[in-house]
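Please read the structure below before turning to the comments.
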(Lines of atoms letter the chains of each structure in order from A and count residues from 1; the text may use other names and numbers.)
(Lines give C-alpha, C1' and ligand atoms only; values in the text may rest on other atoms or scores of the structure.)
Protein backbone atom coordinates (compact mmCIF):
# COMPACT_ATOMS: atom_id res chain seq x y z
CA UNK A 1 0.00 0.00 0.00
CA UNK A 2 1.48 3.33 -1.04
CA UNK A 3 1.16 6.09 1.56
CA UNK A 4 2.62 9.35 0.26
CA UNK A 5 6.09 8.52 -1.04
CA UNK A 6 6.40 5.37 1.08
CA UNK A 7 5.39 1.94 -0.16
CA UNK A 8 4.34 0.14 3.05
CA UNK A 9 4.52 -3.64 2.73
CA UNK A 10 3.19 -6.40 4.90
CA UNK A 11 5.12 -9.65 5.20
CA UNK A 12 3.72 -12.99 4.14
CA UNK A 13 4.04 -14.19 7.74
CA UNK A 14 1.75 -11.40 8.98
CA UNK A 15 -0.76 -12.24 6.25
CA UNK A 16 -0.63 -15.92 7.25
CA UNK A 17 -1.32 -14.98 10.89
CA UNK A 18 -4.35 -12.91 9.82
CA UNK A 19 -5.69 -15.74 7.65
CA UNK A 20 -5.22 -18.40 10.36
CA UNK A 21 -6.78 -16.19 13.03
CA UNK A 22 -9.71 -15.40 10.70
CA UNK A 23 -10.32 -19.09 10.04
CA UNK A 24 -10.21 -19.84 13.77
CA UNK A 25 -12.58 -16.94 14.48
CA UNK A 26 -15.10 -18.05 11.85
CA UNK A 27 -14.88 -21.67 13.01
CA UNK A 28 -15.40 -20.69 16.66
CA UNK A 29 -18.30 -18.37 15.83
CA UNK A 30 -20.14 -21.01 13.79
CA UNK A 31 -19.43 -23.64 16.44
CA UNK A 32 -20.72 -21.53 19.36
CA UNK A 33 -22.93 -18.88 17.74
CA UNK A 34 -21.64 -16.39 20.33
CA UNK A 35 -21.39 -12.88 18.84
CA UNK A 36 -18.87 -11.81 21.49
CA UNK A 37 -16.23 -13.62 19.44
CA UNK A 38 -17.02 -11.35 16.48
CA UNK A 39 -17.05 -8.21 18.65
CA UNK A 40 -13.52 -8.94 19.86
CA UNK A 41 -12.25 -10.97 16.92
CA UNK A 42 -12.87 -8.57 14.03
CA UNK A 43 -11.00 -5.62 15.62
CA UNK A 44 -8.20 -8.03 16.56
CA UNK A 45 -7.92 -9.18 12.94
CA UNK A 46 -7.76 -5.57 11.78
CA UNK A 47 -5.01 -4.84 14.31
CA UNK A 48 -3.11 -7.97 13.24
CA UNK A 49 -3.18 -6.65 9.68
CA UNK A 50 -2.58 -2.93 10.17
CA UNK A 51 0.01 -2.92 12.97
CA UNK A 52 2.72 -4.69 10.89
CA UNK A 53 1.89 -2.38 7.98
CA UNK A 54 2.18 0.69 10.22
CA UNK A 55 5.52 -0.53 11.59
CA UNK A 56 6.81 -1.09 8.05
CA UNK A 57 5.60 2.37 7.04
CA UNK A 58 7.44 3.96 9.97
CA UNK A 59 10.65 2.06 9.13
CA UNK A 60 10.40 2.94 5.44
CA UNK A 61 9.81 6.63 6.14
CA UNK A 62 12.69 6.74 8.66
CA UNK A 63 15.04 5.15 6.12
CA UNK A 64 13.84 7.60 3.46
CA UNK A 65 14.79 10.49 5.77
CA UNK A 66 18.23 8.98 6.49
CA UNK A 67 19.10 8.15 2.88
CA UNK A 68 20.19 11.67 1.75
CA UNK A 69 22.44 11.98 4.81
CA UNK A 70 24.03 8.59 4.15
CA UNK A 71 24.53 9.39 0.46
CA UNK A 72 26.30 12.64 1.42
CA UNK A 73 28.52 11.12 4.15
CA UNK A 74 29.32 7.72 2.67
CA UNK A 75 32.76 7.01 1.32
CA UNK A 76 33.12 4.45 -1.45
CA UNK A 77 35.04 1.35 -0.37
CA UNK A 78 35.90 -2.05 -1.74
CA UNK A 79 34.35 -4.88 0.23
CA UNK A 80 37.73 -6.33 1.23
CA UNK A 81 38.63 -3.03 2.93
CA UNK A 82 35.75 -3.33 5.42
CA UNK A 83 37.06 -4.49 8.81
CA UNK A 84 36.61 -4.06 12.58
CA UNK A 85 38.43 -0.71 12.50
CA UNK A 86 35.63 0.72 10.34
CA UNK A 87 32.82 0.00 12.82
CA UNK A 88 30.40 2.93 12.78
CA UNK A 89 31.68 4.28 9.45
CA UNK A 90 29.16 5.15 6.74
CA UNK A 91 30.14 3.41 3.50
CA UNK A 92 29.05 2.97 -0.09
CA UNK A 93 29.71 -0.36 -1.77
CA UNK A 94 28.85 -1.62 -5.22
CA UNK A 95 28.55 -5.29 -5.96
CA UNK A 96 26.67 -8.26 -7.27
CA UNK A 97 23.96 -9.84 -5.13
CA UNK A 98 24.97 -13.48 -4.69
CA UNK A 99 22.26 -14.50 -2.20
CA UNK A 100 19.05 -13.09 -0.75
CA UNK A 101 17.72 -14.15 2.65
CA UNK A 102 14.54 -13.32 4.62
CA UNK A 103 13.03 -11.02 1.99
CA UNK A 104 9.62 -12.55 2.73
CA UNK A 105 9.90 -11.23 6.31
CA UNK A 106 10.54 -7.62 5.19
CA UNK A 107 13.93 -7.88 6.94
CA UNK A 108 16.13 -8.85 4.01
CA UNK A 109 19.76 -9.82 4.14
CA UNK A 110 21.92 -9.87 1.03
CA UNK A 111 25.31 -11.37 0.28
CA UNK A 112 26.99 -8.74 -1.92
CA UNK A 113 30.30 -9.37 -3.67
CA UNK A 114 32.79 -7.46 -5.78
CA UNK A 115 36.21 -8.49 -7.12
CA UNK A 116 37.78 -8.05 -3.69
CA UNK A 117 35.40 -10.20 -1.62
CA UNK A 118 31.89 -10.53 -0.24
CA UNK A 119 29.98 -9.12 2.72
CA UNK A 120 26.61 -9.53 4.37
CA UNK A 121 24.29 -6.54 3.95
CA UNK A 122 21.32 -6.34 6.33
CA UNK A 123 18.27 -4.13 6.21
CA UNK A 124 15.67 -3.74 8.91
CA UNK A 125 12.96 -2.89 6.42
CA UNK A 126 12.27 -3.89 2.84
CA UNK A 127 14.10 -2.00 0.09
CA UNK A 128 12.17 0.28 -2.27
CA UNK A 129 12.64 -2.07 -5.18
CA UNK A 130 12.74 -5.85 -5.39
CA UNK A 131 16.36 -7.00 -5.23
CA UNK A 132 17.13 -10.45 -6.61
CA UNK A 133 20.14 -12.71 -6.92
CA UNK A 134 22.28 -11.52 -9.82
CA UNK A 135 21.36 -7.82 -9.53
CA UNK A 136 24.18 -5.28 -9.47
CA UNK A 137 23.52 -2.94 -6.58
CA UNK A 138 24.75 0.16 -4.83
CA UNK A 139 24.54 -0.01 -1.03
CA UNK A 140 24.68 2.86 1.46
CA UNK A 141 24.98 1.85 5.08
CA UNK A 142 26.95 1.68 8.29
CA UNK A 143 29.54 -0.92 9.22
CA UNK A 144 28.51 -2.93 12.28
CA UNK A 145 29.34 -6.26 13.90
CA UNK A 146 27.19 -9.23 12.96
CA UNK A 147 26.29 -9.84 16.60
CA UNK A 148 26.19 -7.38 19.49
CA UNK A 149 29.37 -8.56 21.19
CA UNK A 150 31.21 -10.18 18.30
CA UNK A 151 31.19 -11.54 14.82
CA UNK A 152 32.51 -10.28 11.54
CA UNK A 153 31.66 -6.83 10.15
CA UNK A 154 28.45 -6.43 8.15
CA UNK A 155 26.83 -3.44 6.48
CA UNK A 156 23.56 -2.25 8.01
CA UNK A 157 22.04 -0.78 4.85
CA UNK A 158 19.84 2.28 4.69
CA UNK A 159 19.51 2.15 0.90
CA UNK A 160 20.12 -0.54 -1.68
CA UNK A 161 19.36 0.20 -5.31
CA UNK A 162 19.98 -1.53 -8.62
CA UNK A 163 22.54 0.08 -10.91
CA UNK A 164 23.52 -0.45 -14.53
CA UNK A 165 27.08 -1.62 -14.14
CA UNK A 166 29.02 -4.81 -14.64
CA UNK A 167 30.72 -6.11 -11.51
CA UNK A 168 33.20 -8.94 -11.65
CA UNK A 169 33.30 -11.09 -8.56
CA UNK A 170 36.06 -13.19 -7.11
CA UNK A 171 35.38 -16.72 -8.29
CA UNK A 172 34.95 -19.43 -5.66
CA UNK A 173 37.31 -21.81 -7.48
CA UNK A 174 40.11 -19.23 -7.47
CA UNK A 175 39.59 -18.62 -3.73
CA UNK A 176 39.80 -22.33 -2.95
CA UNK A 177 42.96 -22.83 -5.01
CA UNK A 178 44.70 -20.12 -2.98
CA UNK A 179 44.68 -17.36 -5.62
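Residue numbers (the working numbering): 25 to 203.
All C-beta atoms, glycine included, are put in the ideal place defined by N, C-alpha and C.
Let me confirm a value: residue 126 is counted as buried when at least 16 other C-beta atoms fall within 10 Å, else exposed. Which label applies? exposed
With C-beta atoms as the reference, is residue 162 less than 9 Å away from residue 118? yes
Among 105, 65 and 80, which has the Cα closest to the Cα of residue 35? 80
Quick check on residue 104: does DSSP put it in helix, strand or coil? helix
Using C-beta distances below 7 Å, list every residue in its chain close to residue 8, excluding the 5 sequence neighbours before and after it, in chain order. Residue coverage of the chain in this structure runs from 25 to 203, which leaves residue 8 outside it and unanswerable.
For residue 97, which of 69, 182, 37 and 40 has the nearest alpha-carbon? 182
To the nearest angstrom, report how far apart residue 150 and residue 84 are at their CA atoms. 8 Å
With three or more C-beta pairs closer than 8 Å as the rule, is the stretch 129 to 136 touching the stretch 60 to 73? no
Residue range of the beta strand (DSSP E) that includes residue 123: 114 to 125
Member of 56, 140, 58 and 54 whose CA lies at the smallest distance from the CA of residue 120: 140
For residue 164, which beta-bridge partners are listed by DSSP? 116 and 183
Residues near residue 124 in its chain [Cβ-Cβ closer than 6 Å; skip 5 each side]: 134 and 157
Compare the Cα-Cα distances from residue 122 to each of 99, 70, 102 and 143 and report the closest residue. 143
From this set, 71, 82 and 108, which residue's C-alpha is nearest residue 170's C-alpha? 108
Residue interval of the beta strand (DSSP E) (run including residue 133): 133 to 138
Hey, out of 184, 110 and 71, whose CA is closest to residue 41's CA? 71
Near residue 216, which residues of its chain fall below 7 Å by C-beta distance, leaving aside the five closest residues on each side in sequence? Since the first residue shown for the chain is 25 and the last is 203, residue 216 is missing from the structure and cannot be characterised.
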